[in-house]
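Heads up: the structure comes next, in structure tokens.
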Amino acid sequence: MRTTNKYESFVSNVTKWGIDHLGVFPWRFCEDSYKILITEILLVRTSRDKVNAIWQDFFARFPTISALAKSTPSEISSIIHPLGLQRIRASQILELAIRLVEELDGIVPLNIDALARLKGVGQYVASATICFLTGEKTLVIDSNINRVIDRFFSGEDHDNYKSSMTILERILPLDNLDVRMFYFSLIDLGYEYCRRVPDCEKCVLRTSCSYNIHRH
């Protein structure tokens with residue numbers, strides 16, 4: 000009988016928790032590449048609750064990439080102003096929309112390198128967009144994902160993400176991995192319990208987490 004390894008056990012516990020506790024957001028499991036790309040850009044250094052509050056208004060006003068490309072910075076800014084840095088964000092989003100329409104016929108590239116090269120996108124947004132749109136097993140790591148993985152496996156907090164990326168590279172090839180469910184569950188677990196000051200007693204991983212074990 001094959002023994003379940005520590006990575007499989009970690010994935011199983013995280014995703015089982017997510018089945019009952021996953022946050023409901025309109026961009027999750029969305030099949031519109033335009034909406035996922037713009038949402039991931041809006042989520043950079045911004046809380047998901049703030050993005051959620053303006054999400055419906057944004058895409059009602061700009062339902063397609065073409066509609067967004069025909070808008071103005073002030074129109075975009077008027078909707079996203081609760082997120083902060085609205086003028087800078089609006090200009091970057093408009094520039095990206097125009098480039099996608101004029102150079103790529105409004106089609107979001109589904110190649111990470113090609114998407115990441117677009118101004119205003121970058122590696123993280125490109126990886127997240129493609130993973131959450133297609134289910135491709137890309138490396139997606141933000142502060143929440145990093146804290147959960149780093150603390151669970153090493154018992155430490157490393158800001159450079161290197162150790163967490165190494166762990167993810169071992170997790171992603173696992174068979175039957177629902178990568179979207181896994182990442183969404185990790186993000187929510189980090190948001191709910193594994194903050195900078197963690198609430199370990201409520202976390203489903205507490206009995207096997209190196210960070211929690213070492214602090215007792």
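Just so we're aligned, residue 0 is where the sequence shown starts under numbering that gives the first Met the number 0, counting upward by one.
Here a beta-carbon is modelled for each residue, glycine too, at the ideal position from N, C-alpha and C.
Here the structure is a predicted model, which is why all the values come from computation and not from measurement.
Spatially closest choice to residue i from the options, by CA coordinates
{"i": "E101", "options": "T133, H157, S77, L67", "result": "L67"}
{"i": "G22", "options": "Y190, C202, I129", "result": "Y190"}
{"i": "Q91", "options": "P81, N110, S70", "result": "S70"}
{"i": "R146", "options": "C193, T45, G121", "result": "C193"}
{"i": "E155", "options": "T133, I53, I212, D31", "result": "I212"}
{"i": "I40", "options": "E74, G119, T206, E7", "result": "G119"}
{"i": "I37", "options": "V107, G17, L103, W16", "result": "V107"}
{"i": "K5", "options": "E200, V196, K201, I148", "result": "I148"}
Helix, strand or coil at residue i according to DSSP, with G and I counted as helix
{"i": "K136", "result": "coil"}
{"i": "G83", "result": "coil"}
{"i": "I129", "result": "helix"}
{"i": "D149", "result": "helix"}
{"i": "N143", "result": "helix"}
{"i": "Y182", "result": "helix"}
{"i": "R47", "result": "helix"}
{"i": "C199", "result": "helix"}
{"i": "D41", "result": "Just to set this straight, residue 41 is Leu in the shown sequence, not Asp. The answer is helix: DSSP assigns L41 an H, G or I state."}
{"i": "F9", "result": "helix"}
{"i": "R231", "result": "The question about residue 231 has no answer, for the chain in this structure spans 0 to 215."}
{"i": "T2", "result": "With a pLDDT of only 46 at T2, under 50, the local geometry of the prediction cannot be trusted, and the value read off the model is given with reservation. Coil."}
{"i": "H20", "result": "helix"}
{"i": "P172", "result": "coil"}
{"i": "P25", "result": "coil"}
{"i": "D104", "result": "coil"}
{"i": "K15", "result": "helix"}
{"i": "Y210", "result": "helix"}
{"i": "S163", "result": "helix"}
{"i": "F262", "result": "No information on residue 262 is available, as it lies outside the stretch 0 to 215 that the chain covers here."}
Beta-carbon spacing of residue i, residue j below 8 angstroms
{"i": "I140", "j": "L171", "result": "no"}
{"i": "Y210", "j": "F151", "result": "yes"}
{"i": "L117", "j": "L95", "result": "yes"}
{"i": "L93", "j": "P62", "result": "no"}
{"i": "Y182", "j": "I129", "result": "no"}
{"i": "G105", "j": "S65", "result": "yes"}
Own chain, CB closer than 8 angstroms to residue i, minus 5 neighbours either side, in chain order
{"i": "N12", "result": "V203, L204, S207"}
{"i": "L103", "result": "none"}
Buried or exposed (CB count within 10 angstroms, at least 16 for buried), residue i
{"i": "T165", "result": "exposed"}
{"i": "S8", "result": "exposed"}
{"i": "R47", "result": "buried"}
{"i": "P25", "result": "exposed"}
{"i": "G218", "result": "Only positions 0 to 215 of the chain appear in the structure, and residue 218 is not among them; the question remains open."}
{"i": "D174", "result": "exposed"}
{"i": "V196", "result": "exposed"}
Sequence-distant residues of its chain with Cβ nearer than 7 angstroms to residue i (five each side left out)
{"i": "I75", "result": "A89, I92, L93"}
{"i": "A125", "result": "I111, L114, A115"}
Beta-carbon contacts of residue i that lie in its chain and below 6 angstroms, excluding the five residues immediately before and after
{"i": "L42", "result": "V50"}
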